[in-house]
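Please read the structure below before turning to the comments.
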């Protein structure tokens, strides 16, 4: 009995042990593990050291740290073994966080993954990471680290996986790698290894366990490549080798023949056209299954060598030949590669019919020269699962599948999962055949010229993009049946009618973009009841669409991007935004908000709402906007918000874009200097006053500063000179005074736009402005500037030749614009302002001649020098052959108007009005002698010279007469004693007579 009892207890013990072990092995032992207090404090210190505005670490509360998201503890000891903070890859963006040294307390950590987020932009990999000696997995991929890789990583002798790729790192020495004997995967992609020391010795002692090595984009040359020759120990074991996008050239290294296990090889960017032994590549590595030769300078002759026999390589399943000049005809040898499953021929200049390859699963043909859609043979590729044919120039109808297609069954392309035909200028309606692709998951027909209604689609779609076409009709209710849909984009079409309520059934929807249509009706909270996963919502530019939700509505989603621009919003400013803790982009441009209370004016209601709401936006959130760039922006322009700019805005320290054209008044808060990541500050068209605060220099990341159309006073502060990244400076239409500062041209040398229009600036135009070689728009009109136009204007190279100006673009590029006066009208340039070349110096007090050097500005489109006191007009102005707007009116110009080139087309007499001494076409008063103005000026100059000569001759005659008369008498008296005596006697006699009388 006792034996049975003992056996029972033993079985119970074994069961408990197995249960606990199972929990531990499955990683769910955290349920019963007690968190050590010092470990919890270490994790909390890490959390508090990171500014986490989107609450990615929101689960890190309470005492049970082993229950926190991203934390895994040992089921027996309770030690933290795994740390992977939640990095939602859906456009999160954080900056300037340092890895807290408190992580050094987690001495038993085995797995550390900080990849895929921007927590640490601008910070360095900490040296203490080398003290975590239990680590077997370290992944810092795409975590935005910069600086030198700390050699302390070499202390992690148990490390099996090390991924430092896609950061901003450098290596000055590589010896630390040789101290990692267990390493199996090493990814140093995009690490600058050009200056690394001990490279060859490092490779010589590299672990023989290494199976995967990624060195793409590391600035390596043939010198470093030669070091691989010494790797006889490890070469046979490497299965994955990525050497793409380095600086290799010449023949291929012979070490490839020793890589008997290699299955993946990327030589993209290697100029193989200079490699005489390239045809032997495939015979060197018979084990290859995936080969990337993107941008290798290969043409048909290189791939047609009899030594290069692709057909003998039965193992190659993935071949990338993209961005090589292969020519128009398909390479026939590719059809003989029976094992090929993935083929990329993007940007290879193909333009003819492609054969059918029945075993091919993925085909990429983007950026080619196809004109006929039949050449691609879409409906005949029966076994494809993915087909991408973007950026061709079909310009024809996307015909339906042939009903008698012999190559395929009745369900043509039945296996297709991904179909991308965007940017192809396709016309006509969307073929009905697409509705029969029952396994289709991704369909992109955007950026075409498709017409007709939106058809029904198969139920497995996850992404549907029909944007930027000419589709008409209403949004079909059948879209609500696509239960797996995550992304829906119908923007920029001609759709009308109301949004179907069935859209609210798409419970997996993450992105809904319906902007730039003619949708109408009322959208209520019922539309969003099931959209708990929604992240992006854009219904902008539907002027008849109205959103009406109750004041107390709490949405089921947490948006990251919201664009209600040019829509109607009932009940005033959306109060439910307070609950959007992860909101990154908020665009309310030209939104019309209507309050229910009819006794309050719209303006008063809006001003109260905006002041209350801006102060109560979630403290942890950044009002950030996502379009194609993950950068925080707050866009509230073209509304009627008034009052002062709330200081609470200054707490949003990660704000990158600020755009608010409203009716704000008062001064710019000094605390806006806290927004150190701000790249765009657009506060134009408000009622702001006072001076620009000196704290503006703290916004050193600014690229775009627009303060125009306000009531600012005083001089431009010297602190603006510290904004040396500035490309657009617009302070026009204010009350600034003083001289234009010289430091603008000395410090702000990257300016593309300088607009000081309509202020009270005085003094001369500083010559230093000529140093700004990127300047395209210079607007100094309507000031009180004096002096002449400096001849150095010819050095403004930004107006001389076409060149690509690296203008900074960001998420807040929704409504960037530049106002310029053209043809007497202020025009607001938005998307094309970067192509405007204009100089406006009108309505000042400038004197002198129009410098002939202006004619060197060959790209100048507009030139306005009107309402000054200029006197000389050069015939060389005809050299400005791009000029489309010229205004020289109301100066003191004279002579005949020059003709030729572009000036022939400028036949509006108002261009020259107010210059009473000008003559010739297009003016009515003709020049009697029909002489060239320069000839006239030359004759006037000679005539003036003759006049001066006459004057000099006159005074010369007087002086010679005076000298002759004076010395003729005085000289004789000096030398003749008798004459002197008689002269004095005569003088005495005359004096006596006068006195006696």
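In this note's numbering, the protein residues as written are 1378 to 2374.
Beta carbons are placed, not taken as given, at the ideal position from N, Cα and C, and that holds for glycine.
None of these values were measured; they are calculated from a predicted model.
query, result
"Rounded to a whole number of angstroms, what is the C-alpha to C-alpha distance between residue 1803 and residue 1812?", "18 Å"
"Applying the 10 Å Cβ sphere with the 16-neighbour rule, what's the burial state of residue 1765?", "buried"
"Helix, strand or coil: how does DSSP classify residue 1828 here?", "strand"
"Going by C-alpha to C-alpha distance, which of 1536, 1572, 2127 sits closest to residue 1561?", "1536"
"Can you give me the start and stop residues for the alpha helix (DSSP H) that residue 2122 sits inside?", "2120–2124"
"Among 2303, 1961, 2245, 1668, which residue has its Cα nearest to the Cα of residue 2270?", "2245"
"Which term fits residue 2411, buried or exposed, when burial requires 16 or more other beta carbons within 10 angstroms of its beta carbon?", "Lying before the first or after the last residue shown, residue 2411 is absent from the chain, which here runs from 1378 to 2374."
"Which residue from 1451, 1453, 1460, 2080 puts its Cα closest to that of residue 1421?", "1460"
"Alpha carbon to alpha carbon, how far is residue 1828 from residue 1808? Give it in angstroms, no decimals.", "11 Å"
"Could you work out which residue in 1533, 2122, 1884 is closest to residue 1856 when comparing CA atoms only?", "1884"
"Let's see if you can read the secondary structure: which residues bound the beta strand (DSSP E) around residue 1921?", "1921–1924"
"Around the C-beta of residue 1411, are 16 or more other C-beta atoms found within 10 angstroms, so that it is buried, or is it exposed?", "exposed"
"List the DSSP bridge partners of residue 2295.", "2272"
"Count the other C-beta atoms from every protein chain shown that fall within 10 angstroms of the C-beta of residue 2137, then say buried if there are 16 or more, exposed otherwise.", "exposed"
"Could you tell me the alpha carbon to alpha carbon distance between residue 2217 and residue 2154, rounded to whole angstroms?", "8 Å"
"Let me make sure I understand the geometry here. Which of 1862, 1850, 1821, 1822 has the alpha-carbon closest to that of residue 1836?", "1862"
"What residue range is occupied by the uninterrupted alpha helix (DSSP H) comprising residue 1418?", "1414–1425"
"Taking the beta carbon of residue 1821 as the centre, do at least 16 other beta carbons fall within 10 Å, making it buried, or is it exposed?", "buried"
"Round the Cβ separation of residue 1419 and residue 1479 to the nearest angstrom and send it over; I've been treating them as touching at under 8 Å.", "4 Å"
"For residue 1488, which beta-bridge partners are listed by DSSP?", "1459, 1514"
"Where residue 1501 and residue 1488 are concerned, what is the direct C-alpha to C-alpha distance, given to the nearest angstrom?", "20 Å"
"Determine the extent of the beta strand (DSSP E) in which residue 1678 is found, giving its start and end residues.", "Where residue 1678 is concerned, there is no enclosing beta strand (DSSP E), although the alpha helix (DSSP H) it sits in stretches over 1677–1680."
"With which residues is residue 1801 paired in a DSSP beta bridge?", "Per DSSP, none; premise fails for residue 1801."
"Buried or exposed: where does residue 1572 fall if 16 or more other Cβ atoms within 10 Å of its Cβ makes it buried?", "exposed"
"Please look up how many angstroms separate the CB atoms of residue 1638 and residue 1621, rounded, as I've assumed it's under 8 Å.", "In fact, because the Cβ distance is near 20 Å, the residues do not count as touching under 8 Å."
"Extract the residue ranges of the beta strand (DSSP E) inside the region 1626–1653, only unbroken runs of 3 or more that lie entirely within it.", "1641–1643"
"Have a look at residue 1727 and residue 1793 and give me their C-alpha separation to the nearest angstrom.", "23 Å"
"In three-state DSSP terms, what is residue 2088?", "strand"
"Nearest-angstrom Cα distance between residue 1874 and residue 1897?", "6 Å"
"Roughly how many angstroms lie between the CA atoms of residue 2361 and residue 2336, to the nearest whole one?", "28 Å"
"Assuming contact is defined by CB atoms lying nearer than 8 Å, are residue 1922 and residue 1939 in contact in what I supplied?", "no"
"Output the distance between the C-alpha atoms of residue 1912 and residue 1806, rounded to the nearest integer angstrom.", "31 Å"
"Comparing C-alpha positions only, which one of 1662, 1849, 2240, 1615 sits nearest to residue 1349?", "Here the chain comprises residues numbered 1378 to 2374, so residue 1349 is not present and cannot be evaluated."
"Quick one: residues in its chain with C-beta nearer than 7 Å to the C-beta of residue 1655, no 5 flanking neighbours on either side, listed in chain order?", "1629, 1649, 1679"
"Might you give, ordered along the chain, the residues of its own chain that have their beta carbon closer than 7 Å to the beta carbon of residue 1565, omitting 5 neighbours on each side?", "1541, 1542, 1591, 1592, 1595"
"Take residue 2411 and list the residues in its own chain whose beta-carbon comes closer than 7 Å to its own, dropping the five residues that flank it on each side.", "Outside the displayed range of the chain (1378 to 2374) lies residue 2411, so it cannot be described from this structure."
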